[in-house]
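In what follows, a structure is listed as structure tokens, so that the remarks can point back to it.
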Amino acid sequence: MNEFKRVFYIFYKDFSSELRMRFALNALIMFVIVAVSTILFAIGSERAPQNVYAGMFWVVVFFSAMSGLSRAFVSEEERGTNLILSLLANPISIFLGKFLFNLILIFFINSIIAILYLTLFKDFIIQNWNSFLLAFILGNIGIAGSSTIIAAIISKANVRGTLYPVLAFPVLLPLILMLIEITKSAIDGNPVNDVSAEFMVLISYDVVMLTASILVFDIIWRD
Amino acid sequence: MNKIQLRVRELKKTFNNRLVFNKLNFDLNSGDRFVVTGKNGSGKSTLIKILGGVLTETAGEIGYFVDNKKIDRENFYKIVGLVSPYLVLYEEFTAFENLSLFSKIRGLKISETQINEILNRVGLFERRNDFVRTYSSGMKQRMKYASAILHNPLVLLLDEPNSNLDQEGKNFVDELVFNFRKDGIVIVATNETQDFKYGEKIINLDEYKNSNKTF
Chain A
7 MNEFKRVFYI
17 FYKDFSSELR
27 MRFALNALIM
37 FVIVAVSTIL
47 FAIGSERAPQ
57 NVYAGMFWVV
67 VFFSAMSGLS
77 RAFVSEEERG
87 TNLILSLLAN
97 PISIFLGKFL
107 FNLILIFFIN
117 SIIAILYLTL
127 FKDFIIQNWN
137 SFLLAFILGN
147 IGIAGSSTII
157 AAIISKANVR
167 GTLYPVLAFP
177 VLLPLILMLI
187 EITKSAIDGN
197 PVNDVSAEFM
207 VLISYDVVML
217 TASILVFDII
227 WRD
Chain B
5 MNKIQLRVRE
15 LKKTFNNRLV
25 FNKLNFDLNS
35 GDRFVVTGKN
45 GSGKSTLIKI
55 LGGVLTETAG
65 EIGYFVDNKK
75 IDRENFYKIV
85 GLVSPYLVLY
95 EEFTAFENLS
105 LFSKIRGLKI
115 SETQINEILN
125 RVGLFERRND
135 FVRTYSSGMK
145 QRMKYASAIL
155 HNPLVLLLDE
165 PNSNLDQEGK
175 NFVDELVFNF
185 RKDGIVIVAT
195 NETQDFKYGE
205 KIINLDEYKN
215 SNKTF
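So the protein sequences, as listed, match chains A and B.
So for the first sequence, the numbering used here puts the first residue at 7; every next one is plus one.
So for the second sequence, the numbering used here puts the first residue at 5; every next one is plus one.
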């Protein structure tokens with residue numbers, strides 16, 4: 007129980023810090039507004055095939071994750087507070103606290119993206135909500151998990167800004183491809199069973215990513 | 005009252021290919037006060053970080069034993085309090101908020117009154133509700149002491165303990181070191197000869213560049 011509390015309070019520290027400093031939130035919201043507006047203006051009065059919207063939705067999600075989620079560890083490293091943090095808790099609690107913060111942040115931002123898409127793009131019509139919501143939840147867990155561990159790795163590097171998307175792209179690509187397939191299926195109104203293989207890949211990705219991250223984080227964090 | 009032992013065996017640290025220190029061996033027990041000295045770049049801060057469990061050694065091993073039970077590295081934070089020039093507190097929070105958050109993350113059952121007592125002890129009670137970013141370097145150093153003693157650690161690691169402190173602050177450090185819990189260990193890393201008074205044993209890291217010397 008104590009470990010859960012520890013994880014929660016590390017999350018709470020980051021949450022309180024974010025409310026005061028807005029390291030990630032402002033950048034993410036601005037990115038989402040700019041990206042969605044650009045797509046909206048580019049399409050104009052044209053009607054893109056419905057499948058294209060599935061791809062564009064997850065592309066915006068991917069790049070919003072790139073622009074904001076690295077802050078969890080980079081801000082600690084840049085400010086020099088990583089030392090005090092490592093003196094307060096064990097590495098697993100630190101990772102899980104940061105993961106929880108990124109998870110809630112990405113859920114919040116992706117919900118805004120989804121609402122903007124559903125409101126502004128008249129052809130982005132989800133016909134199978136069960137499929138879409140399940141993919142949304144599993145996708146956010148995968149994105150938060152992989153983004154958190156990649157953020158921990160790049161926070162130790164000198165060229166953080168460029169390294170993050172370079173490392174994240176191959177790691178997130180299989181996840182994004184599965185999410186696009188499922189979203190296409192949800193737009194077409196196909197039953198969940200039709201994309202059961204993609205859901206299995208998503209669940210496996212989330213489990214493998216979180217387990218591997220917890221196992222290697224100790225080594226990354228101490229050096 | 006706990007009995008603590010620190011064993012350091014064949015400790016070696018390199019950064020890339022640069023040797024910092026090598027074949028460092030020493031044992032410390034409850035009640036010991038120990039000074040680590042050496043030239044700039046001799047690895048004093050590095051050794052303090054390794055002993056604090058926040059940096060890994062290249063070779064060798066360190067072990068803390070509390071009542072003969074070995075403490076896992078991931079639990080060093082429970083028994084260690086560290087003050088270092090590299091330590092930076094959360095400047096967007098007040099002194100009180102910092103200590104309150106630290107106690108919650110550590111899972112300590114500390115009341116607001118106890119936090120205020122610690123702030124009073126380090127001389128920051130009057131400024132407890134000010135953001136740390138508004139503090140002078142000496143006040144930030146005092147805050148580091150507050151965070152280091154919050155959990156009543158068994159091991160106190162002090163790197164350049166008196167830097168940025170006024171006379172009142174230095175008196176506080178003297179009082180802290182000389183009256184530290186009898187079952188604890190104090191390790192001080194310093195270049196200042198007046199700080200040698202803190203240790204009953206002194207080690208010079210310049211002598212551990214390639215030697216087989218044992219303490």
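Note that CB positions come from ideal geometry on N, CA and C, so glycine has one too.
Roughly how many whole angstroms lie between the Cα atoms of Gly142 of chain B and Pro89 of chain B?
11 Å
Report the residues of the segment 148-170 of chain A with a CB closer than 7 Å to any CB of chain B, ordered along the chain.
none
For Ala78 of chain A, which beta-bridge partners are listed by DSSP?
Ala78 of chain A is not bridged to any residue.
Would you kindly report the start and end of the unbroken alpha helix (DSSP H) that includes Gln118 of chain B?
116-125
Tell me where the alpha helix (DSSP H) around Ala63 of chain B begins and ends.
First-last for Ala63 of chain B: 63-70, but that is the beta strand (DSSP E), not the alpha helix (DSSP H).
Using beta carbons (cut-off 7 Å, strictly below), is Asn108 of chain A in contact with chain B?
no
Within the continuous alpha helix (DSSP H) that includes Ala157 of chain A, where are the two ends?
135-160
With the cut-off set at 7 Å, would you say Gly203 of chain B and Phe38 of chain B are in Cβ contact?
Contact flag set, yes.
Using a Cβ cut-off of 9 Å, pull out every chain B residue sitting near Leu216 of chain A, in sequence order please.
Neighbours of Leu216 of chain A on chain B: none; closest Cβ ~18 Å, over 9 Å.
Among A:Arg85, A:Leu139, A:Asn196, which residue has its Cα nearest to the Cα of Ser23 of chain A?
A:Arg85
Endpoints, alpha helix (DSSP H) assigned at Ala203 of chain A
202-228
Own chain partners of Ile209 of chain A with C-beta closer than 8 Å, once the 5 adjacent residues on each side are dropped:
Leu144
Within 7 Å (strictly less), CB to CB, does Tyr68 of chain B reach chain A?
no
Quick one, which residues of the segment 105-138 of chain B are near chain A if we go by CB-CB under 8 Å, in chain order?
Within the segment 105-138 of chain B, those residues whose Cβ lies closer than 8 Å to any Cβ of chain A are, in chain order, Leu105, Phe106, Lys108, Ile109, Arg110, Gly111.
Within the segment 129-198 of chain B, note down every full alpha helix (DSSP H) run reaching 4 residues or more, in order along the chain.
141-153, 171-182
Work out the CA separation of Arg11 of chain B and Met36 of chain A for me, nearest whole Å.
53 Å
Looking only at its own chain, which residues have a Cβ that is under 7 Å from the Cβ of Leu173 of chain A, when we skip the five neighbours before and after it?
Ile156, Ile159, Ile160
Pick from A:Phe130, A:Ile193, A:Ser137: whose alpha carbon is nearest that of Asn199 of chain A?
A:Ser137
Out of curiosity, what's the CA-to-CA distance linking Gly42 of chain B and Ile122 of chain B?
32 Å
According to DSSP, is Val177 of chain A part of a helix, a strand, or is it coil?
In this structure, Val177 of chain A counts as helix in the three-state DSSP scheme.
What would DSSP say about Asp31 of chain B, mapped onto helix, strand or coil?
strand
Note down the Cα distance separating Asn208 of chain B from Val70 of chain B, rounded to an integer number of angstroms.
Taking the straight line from one Cα to the other gives about 27 Å.
Leu111 of chain A - containing alpha helix (DSSP H), residue span:
97-126
With 16 other Cβ atoms within 10 Å as the buried cut-off, status of Pro157 of chain B:
buried
Residues that Leu183 of chain A bridges to, as DSSP identifies them
According to DSSP, which records beta bridges pairwise, Leu183 of chain A is partnered with nothing at all.
Counting pairs of beta carbons, one from the segment 179-192 of chain B and one from the segment 132-146 of chain B, are three or more of them closer than 8 Å?
no
How about Thr18 of chain B and Thr62 of chain B: are their beta carbons less than 7 Å apart?
yes
Does DSSP classify Arg11 of chain B as helix, strand or coil?
Correct three-state label for Arg11 of chain B: strand.
Can you grab the Cα-Cα spacing for the pair Phe100 of chain B / Asn196 of chain A, in whole Å?
55 Å
What residue range is occupied by the uninterrupted beta strand (DSSP E) comprising Val39 of chain B?
37-41
In whole angstroms, what separates the C-alpha of Phe4 of chain A from that of Gln171 of chain B?
Residue coverage of chain A in this structure runs from 7 to 229, which leaves residue 4 of chain A outside it and unanswerable.
Which residues, taken in chain order from the segment 15-43 of chain A, show a beta carbon closer than 8 Å to some beta carbon of chain B?
Tyr15, Ile16, Tyr18, Lys19, Ser22, Ser23, Arg26, Met27
Can you tell me the Cβ-Cβ gap for Ile206 of chain B and Phe200 of chain B, rounded? I've got them flagged as a contact below 8 Å.
The Cβ separation is near 6 Å, so the contact holds.
Chain A residues whose Cβ lies nearer than 8 Å to that of Ser34 of chain B:
The contacting residues do not exist; Ser34 of chain B stays about 22 Å from chain A at best.
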